[in-house]
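Trainee:
Residue numbers (the numbering used here): 85 to 213.
1. Below 8 Å on the Cβ atoms is my contact criterion, and I expect residue 179 with residue 115 to pass it. Report the Cβ-Cβ distance as a whole number of Å.
2. In angstroms with no decimal places, state the Cα-to-Cα distance between residue 90 and residue 168.
3. For residue 165, I'd like the list of residues in its chain whose CB is within less than 7 Å of its CB, leaving aside the five on either flank, ordered along the chain.
4. Whole-angstrom Cβ separation of residue 117 and residue 148, contact assumed at under 8 Å?
5. At 4 residues or longer, and completely inside the stretch 151 to 178: list those alpha helix (DSSP H) runs for me, N to C.
6. Skipping 5 residues on each side, what residues in its chain have a beta carbon closer than 6 Å to that of residue 66?
7. Assign residue 141 to one of three DSSP states: helix, strand, or coil.
8. Please state the DSSP three-state secondary structure of residue 135.
Here is the structure:
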């Protein structure tokens, strides 16, 4: 009977109420230096495809290589709206990331390796060989 009432009334779950109940937003951010690069465009496509299959929404942010913007987004700005951040930093150093890492789910992408004892984040290394 409940399912019938839901259908008859056209009920739609309230995302804010769901977030309060589950503690999750169902949204992640992909932060890249530029979207005009074919590499980052393809990366965004694949991240979105996989996230959608998992029932997640992807917010795509472009930093234009600005270290302050990379750090702001890596720190989980809007953390109440995001379940995590995938960041491809262009200029941000381990010293800059260390204070914000570990406070928010963060995955780093790129050619640079960040020492695990300094940056508490998962890291996917890219080998251009």
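For glycine and all other residues, C-beta sits at the position ideal for the given N, C-alpha and C.
Mentor: The relevant details are as follows:
1. The pair is not a contact, with the Cβ atoms about 19 Å apart (cut-off 8 Å).
2. In a straight line, the C-alpha of residue 90 is about 32 Å away from that of residue 168.
3. 109, 111
4. 7 Å
5. 151 to 158
6. Only positions 85 to 213 of the chain appear in this structure, which leaves residue 66 out of reach.
7. strand
8. helix
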